[in-house]
Amino acid sequence: MSNGRQANLSGKRLEDYVASILDNFGYSKVVSKDFFDLKSSVKEPIYARQCYVGTSLYNRRRRVDLILYHPEKWTDSLIIQCKWQSSSGSVDEKYPFEVLSINKNPYPTIIVLDGGGYSAVSGEWLRSQAGKGNLIHVHDLGEFDRFAKRNL
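Adding 112 to a residue's 1-based position in the sequence shown gives its number in my numbering.
What follows is the structure, encoded as structure tokens:
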């Protein structure tokens, strides 16, 4: 199996893990194309996976890993981006693009990092961007679990 394919599978597992936490906290999964229509009419927490939200830095349609709505906690929605990197590679160059794309759109966003393959300096830089613009937090899995218990 190629490294790219392995990374995609590992990234999907990270998304699956985050989705399972949302399921455990009572969020209902909805079809991504219906998310925005439903959030204006439902009274319960919902989420969608691989949902198109706004545009990227280069004005292309932007797809996010997960977006959620909670009628009391996240009335404007919350985006969760899952970033898996098990070995060094191009992820370091992708972080600035991700942050600029996050700040181009109106939704608060958190990033969940896993895999340990990003460089220390790029991880530090990414964490330093939290609280500036729409990127509100950058978490590893343990930090995300604690965040979820308090905020989801």
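All C-beta atoms in this analysis are idealised placements derived from N, C-alpha and C, irrespective of residue type, glycine included.
- In the structure shown, the three-state DSSP call for A160 is strand.
- Counting every other CB atom within 10 Å of its CB across the protein chains shown gives E127 a total of 16 or more, marking it as buried.
- Per DSSP, D149 is one residue of the alpha helix (DSSP H) stretching across 147–151.
- Between the alpha carbons of D188 and Y219 lies a distance of about 7 Å.
- From the listed residues F259, N215, L212, the smallest Cα separation to V224 is found for F259.
- In the three-state DSSP reduction, Y181 falls in the strand class (E or B).
- Between G229 and Q197, the CB-CB gap stays under 8 Å.
- Every alpha helix (DSSP H) of 4 residues or more that sits fully in the stretch 185–253 is shown, in chain order, as 203–216, 232–240.
- The distance from the Cβ of I179 to that of F209 is about 19 Å, inconsistent with a contact at the 8 Å cut-off.
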